[in-house]
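Protein chains in written order, with numbering that gives the first Met the number 0: chain C, 0 to 182; chain H, 0 to 115; chain A, 0 to 158; chain W, 0 to 150; chain X, 0 to 169; chain Z, 0 to 370; chain P, 0 to 103; chain U, 0 to 357. Using N, Cα and C, we set each Cβ at its ideal position, and we do this for glycine too. Values in this document were obtained by computation on a predicted structure and should not be read as measured data. Since the structure comes first, as structure tokens, the remarks are kept for the end.
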Amino acid sequence: MDVNTNKIQATDFPGQVHEAPGANFLVSTLDDVINWARSNSLWPLTFATSCCGIEMMHVAGAKYDFSRFGFEVARATPRQADVIIIAGTIVNKMAPVLKRLYDQMADPKYVIAMGACAISGGPFFYNTYSVVKGADHVIPVDVYIPGCPPRPEALLHALIALQGKIKAGLTRDQLRDSSPLSQ
Amino acid sequence: MGAASLLVLIFAGIAFAGGGISIALLFVKGSKNAQKGQPYECGIPSTGSPWNQFNVGYYLFALIFLIFDVELVFMYPWAVVVKKVGIMALVEIVIFFFILFMGFLYAHKKGALKWM
Amino acid sequence: MFLKEYFLDIYKATKSLLTGMKLTGYYFTHHKEILTEEYPENRKNLQLAERFRGEVIMPHDANNEHTCTGCSSCEIACPNGSIKIISKFDITPEGKKKKAIDQHIYHLELCTMCGLCVEACPTDAIKMANTFEHSVFNRNHLIKRLNKPGSKIREGIEE
Amino acid sequence: MTKEELKIQILTLLPTVSFEETGEWLQVLVAAEDWKLFAQQLHTSAELQFDYLFCLTCVDWKTHLTMVYHLTSTTYRHNVVIKVKLDSVNPFIETVSDIWRTAEFHEREVFEMFGVNFLHHPDLRKLILPDDWIGYPLRKNYEDPINMIKL
Amino acid sequence: MSASAIIFYCISTFILLTGILSVTTRKIFRSSIWLLFSLVGIAGLYFWMDMNFIAAVQIIVYVGGIVVLIIFSIFLTQKAGEQMPKAITGRKVFSILSVLAGLAFIYRVISLNEFHPNTTTVVNANVSEIGTQMLSTTEHGFVLPFEAISMLLLAAMIGCIVIAIKSKPE
Amino acid sequence: MFEEVGTTTEGDLIINLGPQHPATHGVLHLVITLNGEIIKKVEPHLGYIHRSIEKMTESLSYRQFIYVTSRMDYLSAHINNHACALCVEKALQLEVPQRAQYIRVIMDELTRIASHELWWGAMAMDLGAFTPFFHAFREREKINEIMEETCGARLTMNYMVPGGVMVDLHPDFQKKVKAFIQQYKAKIHEYDELVTGNIIFQNRMKGIGYLSAEDAISYGCTGPVARGSGVASDIRKIAPYDVYDKVEFDEVLQTEGDSFARYMIRIQEMHQSIKIIGQLIDTIPDGNFQAKTKAVIKLPKGEFYQRVETARGELGVYIVSEGAAQPYRIKYRSPGFSNLSALDHMVRGHKIGDLIAAMGTLDLVIPDIDR
Amino acid sequence: MNEVPITHILFVSTALFFIGMYGLFTRRNMITMLMAIELILNSVNINFIAFNKYLYPEKLDGIFFSIFIITIAAAEAAVAIAIIINLYRSHHSIDVEDAGELKY
Amino acid sequence: MFSLEGITNFIHEWLNSHLSAIFALLAEFVLVGVAAIGLFAFLGLVLVWMERKVAAVMQLRLGPNRLGPKGIFQTSADTLKLIMKEALTPDNADKLLFNLAPFVVIIVAMLILAPISFAKNFQIWDINIGVLYVTAISSLSVIGVLMAGWSSGNKYSLLGAMRSGAQIVSYELSAGLSILTIIVLTGSLKISDIVASQENGWWIFKGHIPAIIAFVIFIIASTAETNRAPFDLAEAESELTAGFHTEYGGMKFALFFLAEYINIFIVCAIGATLFLGGWMPFHIGHWVAFNHIMDYIPSSFWFFGKTGFLIFLIMWFRWTFPRLRIDQLLNLEWKYLLPISMFNLLLMSVMAIMGWYF
Ligand code: SF4
Ligand code: SF4
Ligand code: SF4
């Protein structure tokens, strides 16, 4: 599916934009081993706001079982978590909370936006007064998974993609400009 | 190896913990922001100091525990020699136990062992 | 009496706890009950439901032709504006101007996979595919153009 | 109880009400002043026993607001819909949260969404919207150019 | 100086240092933690003296019991995060002076005295020995204090409960 | 024992539970006033997932607005859709084909089982037992597979449309559902072994979060919460819709009003749902799965209210129509909203652990409450 | 351990005793005073053990004494804390100066 | 073969023959320290992996399986990541105590290792008060928890620490009493004596019913003392997010995590020593030939096997039961475990005096 991204501009996503901090948190002395460790031990924060959270639970469940990758140690406190999986809609009231949680996480930290809502507000993009049009207005996002909700496999796919990204040691900006993810 | 081994172990502990923590301190530089140092409370700014005086419902348990703890201390020498001393030791400890058990029953009756 | 109850309590409690442990013990020793399907390894033979709505696609045949007339029914049917039709005017051989599809733009990042657009399409030009591996690092990559570059509308579809 | 019987019963409680004939349930129009007392009577009256408020909401008709109360009785299983017209500029009405406790939350919601003031409500604060929210989003004239993108 | 002596001086310094911190720090919770370290140090001293049993008892009762109780009571009665008020300077000076004077005096008395062990027979202070003596009814036995202790503990327990329950509003 | 220390407000600890908290199942924010471990007050703060669905649906057509409601109570997605479809049909006075009615009811009940499964696992997890969660997901996955095959989605279905259902059943549907019922009956006793009978679990649940029948009515509780207090409130019995009047099932009632009663209600409801499905699955009539509707649906002027029984209680859809293609106003009366309001009343004087247990048996879905 | 003269051990215990005394003098908070008392009791214990070890190695009396002291210290601490908390409840303060006007 | 005893002797002799006595001693100290750290790291890695695997299989899933065979390197990756994770200290924490707490916890865990007999004659210090020493030191660990909870400046932490304090303190009693039941039989607190006394059979078999009751109580109490589910109130996830270590991240958190597992290992080792004969192979009274065959299995295997079994038991509990509430937890101790273990002790002492055991 070839899309000319130069020609089509991303829809201009208005809405109250919350300033996101810079994305320069990766340690400069990157080392393959450390990246290996980091990529294989992504502990998610238990953060599920709505429907997508159920699919996230399914990923934790027996059939999909993300513990195979070592992700099962879901931590309730941001101090111990490595990755936020934003599973669900972010509304204006929640945005500062999300920001605070992200800020309180210890570096290095990663963000996955799961589902249409987290990417862009999805089903609630038009005619709603309270939905943040995309979690990346609030915090920087590493991987986007479209779908409403995405299949559990899609989340696994995204996690593997994130692993690949960490292993490569690329920063968020470098990756954003790279070609679409393919497997 | 004797008691000196305790020192060795203490140093081993310090080395282990200190080594682990200091690596992160030395090599990982984290991002700074105003929120980071705030206490975590499910993403809501915390109100009030956590160090307010605090109603400890368990305090009476600790009191009674202390008494029993001391009792336990006396039991150790007793237990070691009970086989040697024989029936006399049993009699003595039964008296000892009995008296304390009265206390226990009293505490129970008074509801001191009921939580709150 | 009191003692009897006391011990009965203990007995009952122990029994109920052991029942639970028996069950988990059973699963611990019976590994064939494990349900896990290993996703990235099983991609080859992963059977997804035919009807699973993973994204909207526009099938093209061997001649790079599709059946979309650019009628915009899908755009109207979509509850949250995930589809934008950009039309152009073709010059037919007879020299007449004719409205045709230029770009069928589909916002995968907005789409809620409700399938209303497919229902609405009069020519069955689009359908839901059951693919799901869409993760990207850049949100812009989710904006797709459904009609392939250079594709044409199949003959005989118009009205 | 059928609609007709209900009508008679209700008229004995409060003769000033009027009825609307549409809909599957009896719709009663009450004046805002009478509402509190009437509600109490509906709740306590032995024949009616409307002890269960299952829906409380408000509709903005641009010219005025209408409070809509859906009541049912768990003993007799008859339903009634009460409507109270309110001024759209300065709407206020007595709370019923002391009669049906579920109304407390529902009224708070209506308060923030429509700006209806519930007199004597125990805790009339914003429930759903952020505390610093301005405007009543479910009103028809609500505009939010920043957050609301029109399709 | 042998290794053993060095260890002794280390432990002693630790005890005294944490002891001083315990009585001077103005944060009450820290004060209790320093006390705890001091007590642990004393247990270390017992270990050093090969009095293992006493050391263990020290840790069990003091550290595991009393300090925990003190910490609980701190939670219960204090705004533990706040600093305690500074002691009045006059009193502080007076205390330091009197304490130093007392220390000097006593230490002088101690150093003047000559301590000599009056026997050379050594009894192994192990648990079984302690147990035997504790349970023996002979004149060197401690069975009477042992049983008396149980009464003491009973009294303490009842006392605690009475005091604690008395204030229960009923 | 030492309440009086804390009766002075300085002894109280105000603690926030949520919005990001493992036990609030989403983003409920509870402000708890604690005295020691004893709860003095619980104050729910909502709106962390308020997606303005009511406002949004005012600008959607009657075909489109159904899909948003799947996102409200996403665990009862089918039932939500069903309610909307029914309301539109009621307004249009549209006769739905028998086949569609059967399919809808079967789907509803499957949804109910799936929802209760998730509740069971999540509640056990709240109480600290992790294994039941995974065991519950085993059955849930099965239901999801069945749903996916027919409806094309796992969670947010958008399967019911005004006039029937969107597509016909998958040919394998009946076979799979029967297999599922078989498997389910074989496994259901494990639930009792693992959780229900467990002494720790019973002690955690019995007598906790008591709600009397009067309070349940006054707080507008519905669904298992009300039935746990002995209030008959099953819409499927009170105002049967589709083919619910043709099937035989019991409305489960318990009178204790505590958490354990609510727990038992849900467990038994799963059995009842199985019973309903068992009655219907073999007798799905042939015929159309969708009645003919106009391309643009316009409701007559008026007000329409439709109640259905979701897994959490009574869902009401209140449509005010001005005769246009879009509703003038829609109000969703969500079961969780009322059930939540009883929480404070239920847990005062209990401990934090009890709050979690009581909240677990309320089975809250926050997007349903916030809408 | 025989290289360390007993006087040094006694110095430690004496110093600890006076540290405790200092705490007792300067602190006005009952709990901290209790802590100071614990320090004092401990200094006594050290003495007992040291004497037992150095001067009367044929007996166990020192050990027994210190065990009993520890026991009594525990009982004392328990009762003291019960009293302190009780006092706090009636006076909302555990400052000794405030407790001066104890009524009962 | 795998006899650890031989290795230690060899090292001892080698060092003494090549170095002067002082340096030999120092070298041994260093070796012990390194060994202890190594054991720590090893135990942490293996036990966490084991827990995850046990949990996974009981929950019908696979568990970590992508790093190394059966995912054995998963915990290594986790550790490495935690080491390289930012270790932050909250602004309003009591910084000194906040950073001291993990040290306290780890040192306490280290200290308890001293008297544990890992194999025949393989022990750091055969202290004459063996088990008493273990009880004493382990009661220190509550201080680490209280420090951590208090100094974090976080309400969840504080609540968790309080709970943990009350709980550990209570369960120490019944754990102590059930240890005493065996001490009555052995007549010595020394670990080596206790193991030696089980030469002709383990106490759980020789000691009849009281020994079994004591064993059960010991297991329950030690589960509670190590803050494990169903007694994990201190870090009750669904109530207090992460309990007393809510504010800890990175390596500091890892130390708490590690200490928890080390503590489990230690209590299980003590349980194995007291009730299941420590490193003593499975012997039956006078069956000389059978005993001889059993002796061929190295003693370290026996020790780690038994300890591993007990650890598995505790994990089994965790993945089966819901959590108790705080008052129920204290009730269980004060109403059931404590009186029962007191009477059990008396019963056992009667048996010991009468010689009614094998
Ligand atoms: S993307 Fe869809 S499924 Fe996910 S949270 Fe949003 S509405 Fe729910
Ligand atoms: S599937 Fe639904 S949301 Fe997606 S493009 Fe089609 S109509 Fe729009
Ligand atoms: S896809 Fe179908 S509905 Fe959409 S513009 Fe093309 S022909 Fe029309």
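Local conformation of residue i per DSSP, three classes
i      : result
Z/D125 : helix
C/F24  : For C/F24, the pLDDT reaches just 41, beneath the cut-off of 50, and the residue's location in the model is therefore unreliable, although a value from the coordinates is still provided. Looking at C/F24 - three-state DSSP - the assignment turns out to be coil, as it is neither helix nor strand.
U/Y155 : helix
A/R50  : coil
U/L95  : helix
Z/M159 : strand
Z/F200 : helix
Z/R328 : strand
W/N78  : strand
Z/Q19  : coil
U/G37  : helix
C/L29  : The pLDDT assigned to C/L29 is 49, lower than 50, so where the model puts this residue is not dependable, and the model offers no usable value.
Z/V166 : coil
Endpoints, beta strand (DSSP E) assigned at residue i
i      : result
A/K143 : I142 to R144
W/Q39  : It is not in any beta strand (DSSP E) - W/Q39 instead sits in the alpha helix (DSSP H) that spans A31 to T43.
W/F53  : Y51 to D59
Rounded straight-line distance, which links the Cα of residue j to that of residue i
i      : j      : result
C/L29  : U/L18  : Note that C/L29 scores 49 on pLDDT, short of 50, meaning its location in the model is unreliable; the coordinates nonetheless yield the value given after this. Roughly 43 Å between the two C-alpha positions.
Z/P18  : Z/G277 : 40 Å
Z/R332 : Z/R111 : 18 Å
W/S44  : W/I9   : 10 Å
W/E111 : Z/R328 : 16 Å
P/V43  : H/L6   : 25 Å
W/F104 : W/D50  : 17 Å
Z/H169 : Z/K291 : 21 Å
W/D86  : W/L13  : 22 Å
C/K62  : Z/R265 : 24 Å
DSSP beta-bridge partners of residue i
i      : result
Z/G301 : Z/S320
U/G186 : According to DSSP, which records beta bridges pairwise, U/G186 is partnered with nothing at all.
A/D89  : A/K97
W/T65  : W/V58 and W/K84
X/S72  : For X/S72, which the question treats as bridged, DSSP gives no partner whatsoever.
A/K126 : A/I56
W/N116 : W/F91
U/L131 : Note: U/L131 sits in no beta bridge, so no partner.
Z/G315 : Z/R306 and Z/R332
Run of the alpha helix (DSSP H) containing residue i, from where it starts to where it stops
i      : result
Z/L339 : P334 to S340
P/N44  : M29 to Y53
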